[in-house]
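**Q** In this note's numbering, the protein residues as written are 213 to 543.
Where a beta carbon is used, it is the ideal one built from N, C-alpha and C, also for glycine.
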Ligand code: NAD
Ligand code: UD1
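1) Relative to the C-alpha of residue 474, which candidate in 333, 391, 385 has its C-alpha closest?
2) If residue 362 and residue 302 are in contact, beta carbons under 8 Å, what's the gap, nearest whole angstrom?
3) When the Cβ atoms of the stretch 258-274 are set against those of the stretch 411-431, are three or more pairs found closer than 8 Å?
4) Could you check if residue 253 is buried or exposed, using at least 16 other CB atoms within 10 Å of its CB as the buried criterion?
5) Where does the unbroken beta strand (DSSP E) through residue 253 begin, and where does it stop?
6) Can you give me the C-alpha to C-alpha distance between residue 366 and residue 389, rounded to a whole angstrom?
7) Would the stretch 478-492 count as touching the stretch 434-451 if we require 3 or more Cβ pairs under 8 Å?
8) Just to confirm the assignment, what range does the alpha helix (DSSP H) spanning residue 385 have?
9) DSSP three-state label for residue 473, please.
10) In terms of DSSP beta bridges, what is residue 220 paired with?
11) Would the C-beta of residue 266 count as close to the ligand UD1, meaning under 7 Å from any of its heavy atoms?
12) Leaving out the 5 sequence neighbours to the left and right, which residues in its chain are closer than 8 Å to residue 216 when beta-carbon positions are compared?
13) Report whether the distance from the Cβ of residue 224 to the nearest heavy atom of the ligand NAD is below 7 Å.
14) Relative to the ligand UD1, is the shortest distance from any of its heavy atoms to the C-beta of residue 475 smaller than 7 Å?
15) Under 6 Å Cβ to Cβ from residue 526, same chain only, skipping five residues before and after it: list those, please.
16) From residue 514 to residue 522, what does the alpha carbon distance come to, in whole angstroms?
17) Within 10 Å of its beta-carbon, does residue 571 have 16 or more other beta-carbons around it, so buried, or fewer, so exposed?
18) Does the distance from the CB of residue 230 to the CB of residue 448 come in under 8 Å?
19) If residue 296 sits next to residue 228, beta carbons under 8 Å apart, how far is it from one beta carbon to the other, in whole angstroms?
20) List in chain order: all unbroken beta strand (DSSP E) runs of 3+ residues lying wholly within the stretch 328-385.
21) Is residue 370 buried or exposed, if buried means 16 or more other CB atoms sit within 10 Å of its CB?
22) Taking the alpha-carbon positions, what's the residue 247 to residue 505 distance?
23) Could you tell me which residues DSSP pairs with residue 271 in its beta bridges?
24) For a quick check, are the C-beta atoms of residue 339 and residue 387 less than 8 Å apart?
25) Would residue 284 and residue 333 qualify as a contact pair, given that the criterion is a beta-carbon distance under 8 Å?
26) Which residues does DSSP list as the beta-bridge partners of residue 501?
27) Report the three-state DSSP secondary structure of residue 455 (helix, strand or coil).
28) Run through the DSSP bridge pairs and tell me what residue 443 is partnered with.
This is the structure:
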C-alpha cells in the first residue's frame, strides 16, 4: 500500500506551513501539530477550509504533551514524520538556553520515542551545525561545531536521531538548510518581519514597509568578495521540493543520511541588497556598522550530494527570491 500519511510538526510556521500546503495539493494526508509558540492559527484555518478531508490538527507542545502526542500516533498512524517544530532565533537561544535545549531536543526525543522501523523521519537541521569554518563550500562531511545554543540544540537533535536510526531502526534524513527566503506564490506564508527580525530578508521588508530607506550592514571588513558576509540563500519552494525528494529517498536508505539544502551560490550582503532594490524598484541604502556577534564571514553549500543522491537541485534565482519575498508581503 502506498505510504501517504505525514505528521507535520510546526505546521503553523513558515517552512512547515509551506511544505504542508504542497503535500496536501499532491494528495498526501497531513496531521499537523503546533504549540503556536512562534505562530498563529492562520495556516490551520486555511488548511481546514481547502483540504477538509485530508487535513487534521492538534494544538500540542511536543516537548511536554507526551500523552497527547502518543494519541496522535495511535489514531493517525503516520508513515512519515517531517519535523519542523523548533525555536530558531540564535540571539534568543543565547538568552534562554534552557528553553531552547528543552524545547528543541525534548520535542525531537518525544517524537522518536513513538517511532519504529515502519515510520520514517525527516528533520529540519541547519547549516549552523557547521559553525565557523574557513573551508568553503561546506559538504556534509565538514566538521560539526556549535557556535550558539541554537546550534548546539540542532547538533544534539542530529545525534539523538542517529541513535534511534542505528538502535531502533528509525530510517531518517537530516536536511541542513542554508538561508531559506522567499514565499510560495499561491500559499503565502510570510517569514515574520513584524516580530523584530534580525535576518537580512525580513529586515529589508521591514525597511520598505516602515518607509525607512537605510539598512544596517553588519561588518564591511570580512575577507569576502566585497567585505560583507556571504551566504547561500535558497527559495522556499526549492527547499520544500528538497523535502519531497527526501520523502522518497528515506524509504530506500539503511539507517540515516544527511543532506545540504542550498544553491551552492555565495551571495554577499551588498549583492542581496542591490538585487532586492533592482528587482523591487526600491532604493534602500547601506549603513555600515560593526560586525554582529557570532556571525561567520562565509557560509555556503556544496549541494552535489543532494543533486546526485536526492535527484534534487535548487532552481530559482536570487531575483526570484527577492521578488517573491516582497510580493508576498503586499498580498
Ligand atoms: P517558524 O518559527 O516559522 O516555525 C516553527 C513552528 O514550530 C512554529 O509554528 C512554532 O510555533 C512551532 N513550535 C516550536 N516549538 C514547538 C513545540 N515544542 N511544539 C509544537 N510546536 C512547536 O520557523 P521556520 O522558519 O518554519 O523553521 C522551521 C524549522 O526549520 C525549525 O526547526 C528551524 O530551526 C529550521 N531552520 C529554519 C531556518 C530559517 O531560516 N527559517 C534555517 C535553518 C533551519
Ligand atoms: C542566521 C543564524 C543561523 C540561522 C539563519 C537562518 C546567526 C549568527 N545565525 O544566519 O544560525 O540558521 O539565520 O535563520 O544569527 N545582515 C546584515 N544586516 C541585517 C541582518 C543581517 O548585514 O540587518 C547580514 C549578516 O551579518 C549576514 C547576512 O546578512 O552576513 C545574513 O544574515 P541572516 O539573514 O541573519 O542569516 P545568517 O547570519 O546566515
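**A** On the basis of the data shown:
1) 391
2) 5 Å
3) no
4) exposed
5) Counting along the chain, no beta strand (DSSP E) covers residue 253, and no H or E run does either.
6) Looking at the two C-alpha atoms, the distance is approximately 12 Å.
7) yes
8) Premise fails: residue 385 lies in the beta strand (DSSP E), 384-389, not in any alpha helix (DSSP H).
9) strand
10) 244, 294
11) It does not: the Cβ of residue 266 is nowhere closer than 7 Å to a heavy atom of the ligand UD1.
12) 239, 240, 241, 291
13) yes
14) no
15) 446, 450, 475
16) 14 Å
17) No answer is possible for residue 571: the residues shown for the chain start at 213 and end at 543.
18) yes
19) 4 Å
20) 332-338, all fully within the stretch 328-385.
21) buried
22) 30 Å
23) Under DSSP, residue 271 takes part in a beta bridge, and its partners are 246.
24) no
25) no
26) 430
27) helix
28) In the DSSP output, where bridge partners are listed per residue, residue 443 has 479, 511.
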